[in-house]
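S.K.:
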Amino acid sequence: MDSMLALQIIYTIEQLVATGGILVFLIAIIIWVAMSARDAEEIDFFKDRKNMQASKATTLSESSASDNEKPSSDINVVRVLRGGAFIGNRIRFKVKVANESEYTITDIMVHLVSYPRDALRFDGDDDAIHFSKIEPGGFRSPSFEFIPTQDCVRGEIVAGVTYIDTRGKAHTQTTRPYEIRAVCDLLIPEEITPEDFQQTVQSLHSGELVVSVDDWTPQEMYEKALVILEQANFSGVSAGVDSEEDVVTAKIEGWARGKYTDKGVGVQLLISGRSGEKGACCTIRILGEDSALVLPAIEDLRNRLTTWLCPKCRSTLQVESVKQLRKGGVVECPYCGVTIGR
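Here my numbering = 1-based position in the sequence shown + 2.
Now the structure itself:
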């Protein structure tokens with residue numbers, strides 16, 4: 003009896019042990035699975051963190067690069083302008099390099115690219131001018147001088163500009179062509195009698211152009227033409243005005259000689275229109291010993307005759323002033339200060 007009870011107890015204990023082993027085994031599996039999942043999460047966490055750090059480093063690197071390249075948005079704000087004028091018997095061509103960026107530019111060179119070499123001679127030692135630097139907001143304005151070799155100068159002057167920006171990058175710009183169309187500035191007035199004028203012009207090359215003006219009466223156009231011919235270096239030969247049945251007709255003649263070729267050139271201006279009414283017709287006739295002078299001289303006088311002049315000092319009015327006058331406004335001459343208009 004005792005032995006049976008003992009065997010039964012032993013069997014029960016073995017079952018409990020077996021059951022406990024299974025439970026322990028299951029618990030171990032659960033713990034292993036949980037730890038594996040945690041390791042995976044930790045790996046993903048560290049991977050994500052590493053990627054974030056790499057992304058941040060890349061962003062910082064790109065930001066630094068962007069900071070280094072900041073001047074690129076402003077460095078190209080360098081303006082190149084040009085202009086020119088007759089100074090005595092020379093043509094002065096000027097270039098302006100304006101640094102409107104926030105950074106200093108260096109190693110600036112302004113040089114001539116092209117000009118009409120058959121009609122102009124460069125008067126200087128070097129056709130390239132150098133500057134070490136131009137500060138922000140600063141500018142340089144070098145000039146080049148030319149001496150005409152002909153009485154008729156037509157062509158274009160172009161200059162080039164090179165410089166280095168703050169990043170060490172080289173830039174090149176060229177000016178807009180400066181167009182030269184000059185004849186009258188290269189003439190010398192020469193006195194001649196009306197009889198000699200009529201006899202001389204009969205055998206000369208000639209050409210003419212009719213210009214209509216809407217801003218002046220025939221009388222005003224006549225007074226203006228007298229001033230224009232004097233400014234254009236023509237010596238007056240004859241001038242007169244006739245009026246018949248409210249129609250005004252006027253005629254002006256002038257004579258000059260080329261400064262370099264010594265060739266004579268004459269001009270006849272015929273003006274007509276209704277008396278006291280705006281709107282006049284002006285015929286420009288050029289007669290020259292040199293046929294090459296005829297068309298350029300016509301164009302030169304046409305431009306002069308259609309410009310607005312100050313009634314007191316006879317200076318050419320600026321474009322904005324002309325616009326105001328055409329609208330019926332009042333302007334002040336920038337040269338003599340006289341009030342013009344109503």
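All C-beta atoms, glycine included, are put in the ideal place defined by N, C-alpha and C. As the structure is a computational prediction, the values presented were derived from the model and not from experiment.
#1: As an exercise, report each continuous beta strand (DSSP E) stretch of at least 3 residues that is fully enclosed by the region 96 to 180, in chain order.
#2: Taking 8 Å as the cut-off, decide whether the C-beta atoms of S240 and W257 are in contact.
#3: Taking the alpha carbon of G139 as the point to measure from, which residue in T164, I107, V296, L122 has its own alpha carbon closest?
#4: Between the alpha carbons of Q221 and Q320, how many angstroms are there, rounded?
#5: Round the Cβ separation of V269 and L295 to the nearest angstrom and send it over; I've been treating them as touching at under 8 Å.
#6: Near Y262, which residues of its chain fall below 8 Å by C-beta distance, leaving aside the five closest residues on each side in sequence?
#7: How many Å lie between P73 and P118 at the Cα?
#8: Tell me which residues share the same chain as K265 and place their Cβ nearer than 8 Å to its Cβ, disregarding the 5 neighbours each side in the sequence.
#9: Leaving aside the five residues before and after S274 along the sequence, list all residues of the same chain whose C-beta is less than 6 Å from its C-beta, in chain order.
#10: Name the DSSP beta bridge partners of Q270, please?
#11: Give every residue of the same chain whose Cβ lies closer than 7 Å to the Cβ of V79, excluding the five residues on either side of it in the sequence, and list them in chain order.
#12: Taking the alpha carbon of S143 as the reference point, which residue from R81, N305, L272, K329 has its own alpha carbon closest?
#13: Could you have a look at A241 and say whether DSSP puts it in helix, strand or coil?
#14: Which partner residues of E210 appear in the DSSP bridge assignment?
#15: Give the single residue among H132, K226, L271, L297 whose Cα lies nearest to the Cα of K253.
#16: Quick one: give me the first and last residue of the alpha helix (DSSP H) that I342 is part of.
#17: Suppose you measure from the CA of V324 to the CA of L231; what does that come to, to the nearest Å?
#18: Starting from the Cα of L2, find the closest Cα among G90, A100, N91 and give me that residue.
#19: Going by beta carbon distance, what residues of the same chain come within less than 6 Å of R306, once the five residues before and after it are set aside?
#20: Would I182 and R156 be called neighbours here (beta carbons separated by less than 8 Å)?
M.R.: For this structure:
#1: 107 to 116, 122 to 124, 130 to 136, 145 to 150, 155 to 166, 172 to 176
#2: As a first step, residue 240 must be located in the sequence shown, where it is residue number 238. As a first step, residue 257 must be located in the sequence shown, where it is residue number 255. Contact flag unset, no.
#3: Mapped onto the sequence shown, residue 139 falls at position 137. Nearest C-alpha to G139: I107.
#4: Position 219 of the sequence shown, counting from 1, holds the residue named residue 221. Position 318 of the sequence shown, counting from 1, holds the residue named residue 320. Rounded to whole angstroms, Q221 to Q320 spans 23 Å at the Cα level.
#5: By 1-based counting over the sequence shown, the position of residue 269 is 267. By 1-based counting over the sequence shown, the position of residue 295 is 293. Contact doesn't hold; Cβ gap of about 11 Å is too wide.
#6: In the sequence shown, counting from the first residue as 1, residue 262 sits at position 260. Result list for Y262: P150, T151, Q152, D153, L188, in chain order.
#7: Mapped onto the sequence shown, residue 73 falls at position 71. Mapped onto the sequence shown, residue 118 falls at position 116. Confidence in P73 is poor, its pLDDT being 41 and thus under 50, which makes the residue's placement too unreliable to answer from.
#8: The residue labelled residue 265 in the question sits at position 263 within the sequence shown. Excluding sequence neighbours, K265 sits near D153, R259, G290, E291, D292, L295.
#9: Position 272 of the sequence shown holds residue 274. If we look at S274 and ignore the five residues flanking it on each side, its Cβ neighbours are T251, C283.
#10: Against the sequence shown, residue 270 aligns to sequence position 268. Partner(s): E255, R287.
#11: The residue labelled residue 79 in the question sits at position 77 within the sequence shown. Excluding sequence neighbours, V79 sits near E102, S103.
#12: Position 141 of the sequence shown holds residue 143. When only C-alpha atoms are compared, the closest one is R81.
#13: In the sequence shown, residue 241 corresponds to position 239, counting from 1. Reduced to three states, the DSSP call for A241 is strand.
#14: Locating residue 210 in the sequence shown gives position 208, where the first residue counts as 1. Per DSSP, R287.
#15: Translated into positions along the sequence shown, residue 253 becomes position 251. That would be L271, whose Cα lies nearest to the Cα of K253.
#16: Within the sequence shown, the letter at position 340 stands for residue 342. Premise fails: I342 lies in the beta strand (DSSP E), 341 to 343, not in any alpha helix (DSSP H).
#17: Translated into the one-based positions of the sequence shown, residue 324 becomes position 322. Translated into the one-based positions of the sequence shown, residue 231 becomes position 229. Each residue's Cα considered, the two are about 21 Å apart.
#18: Absent from the model: residue 2. The displayed extent of the chain is 3 to 344, so no value can be given.
#19: The count along the sequence shown starts at 1 and reaches residue 306 at position 304. Cβ neighbours of R306 beyond the five flanking positions: I230.
#20: Mapped onto the sequence shown, residue 182 falls at position 180. Mapped onto the sequence shown, residue 156 falls at position 154. Yes, the Cβ-Cβ distance between I182 and R156 is below 8 Å.
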